[in-house]
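Participant: This is the structure I have questions about; it appears just below.
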Amino acid sequence: MRSQIYDLMHPLINDGSGVYELDDLTAYIDKLLKKACIISVTDQDILQGFLAYYANDPDKQVGFLSMLVVLPTAQRMGYGRRMVEFCLTDLVHKGYKICRTEVKENNIMAINICKRTGFSLIEKKGKYLIMEKVL
Ligand SMILES: CC(C)(COP(=O)(O)OP(=O)(O)OC[C@H]1O[C@@H](n2cnc3c(N)ncnc32)[C@H](O)[C@@H]1OP(=O)(O)O)[C@@H](O)C(=O)NCCC(=O)NCCS
3 MRSQIYDLMH PLINDGSGVY ELDDLTAYID KLLKKACIIS VTDQDILQGF LAYYANDPDK
63 QVGFLSMLVV LPTAQRMGYG RRMVEFCLTD LVHKGYKICR TEVKENNIMA INICKRTGFS
123 LIEKKGKYLI MEKVL
């Protein structure tokens, strides 16, 4: 899983679009694997996409959607939306009240998928939009 996530994310990092700026992708992936819940879609051993979210708030109030990536050849097939919906349902089953996420203000695809799955803008922090869905 680690190397497949790396291969999926690497082309997005520091690609000049300014969408993802990460100094250490390996450390970021290690943190996700250790601390986050991960939903993935694979086809014939090829990772088509994954969603990583945190459900480790001790008060079980706020879950946090950290990363969602779908392989370019598998985009626009509903994988992204369905993984977000799975994550939201899982948070409900775990007793969470809210799901939050942060997206770069120029990441139109991410903003659209958040709106499509019921998130609303609650705050702007520099270049990031904080979006939230009440579960
Ligand atoms: C954003 C991303 C995860 C969407 O995954 P996907 O599987 O293609 O999305 P879906 O097919 O489920 O589409 C869900 C919604 O996302 C939005 N969307 C998806 N692709 C889009 C595009 N190219 N342009 C604009 N909006 C887009 C639409 O609102 C779409 O709903 P609709 O089909 O009813 O219009 C995918 O494009 C991706 O991996 N992008 C690069 C990484 C990224 O930006 N991740 C999000 C940040 S956490």
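The working numbering puts the first residue of the sequence shown at 3, with every later residue one more than the last. Glycine residues also receive a C-beta, built at the ideal position from the N, C-alpha and C atoms. Nothing here was measured: the structure is a model prediction, and the numbers come from that model.
Among Leu90, Thr103, Val136, which one has its Cα closest to the Cα of Phe66?
Facilitator: The shortest Cα separation from Phe66 among Leu90, Thr103, Val136 belongs to Thr103.
Participant: For Val105, which residues from the same chain have a beta carbon less than 6 angstroms from its beta carbon, with the 5 sequence-adjacent residues on both sides left out?
Facilitator: Ala112, Ile113, Leu131
Participant: In angstroms, rounded to a whole number, what distance separates the CA positions of Ile124 and Glu134?
Facilitator: Ile124 and Glu134: Cα-Cα distance of roughly 7 angstroms.
Participant: To the nearest angstrom, report how far apart Leu93 and Leu70 are at their CA atoms.
Facilitator: 16 angstroms
Participant: Can you tell which of Gln6, Asn108, Lys129 has the C-alpha that lies nearest to the C-alpha of Asp47?
Facilitator: Comparing Cα positions, the closest option is Gln6.
Participant: Any chance the segment 28-38 sits against the segment 74-87, with 3 or more Cβ pairs inside 8 angstroms?
Facilitator: no
Participant: Using 8 angstroms for Cβ pairs, my map puts Gln63 next to Ile100. What's the rounded Cβ distance?
Facilitator: 6 angstroms
Participant: Using CA coordinates, which residue listed in Arg118, Gly18, Leu14 is at the minimum distance from Pro74?
Facilitator: Leu14
Participant: Mind listing, in chain order, the continuous alpha helix (DSSP H) runs of no fewer than 4 residues lying wholly within the segment 14-84?
Facilitator: Positions of the alpha helix (DSSP H) runs, each at least 4 residues long and wholly inside the segment 14-84, are given as 27-37 in order along the chain.
Participant: For the candidate residues Val72, Leu90, Lys126, Asn58, whose alpha-carbon lies nearest to that of Lys36?
Facilitator: Asn58
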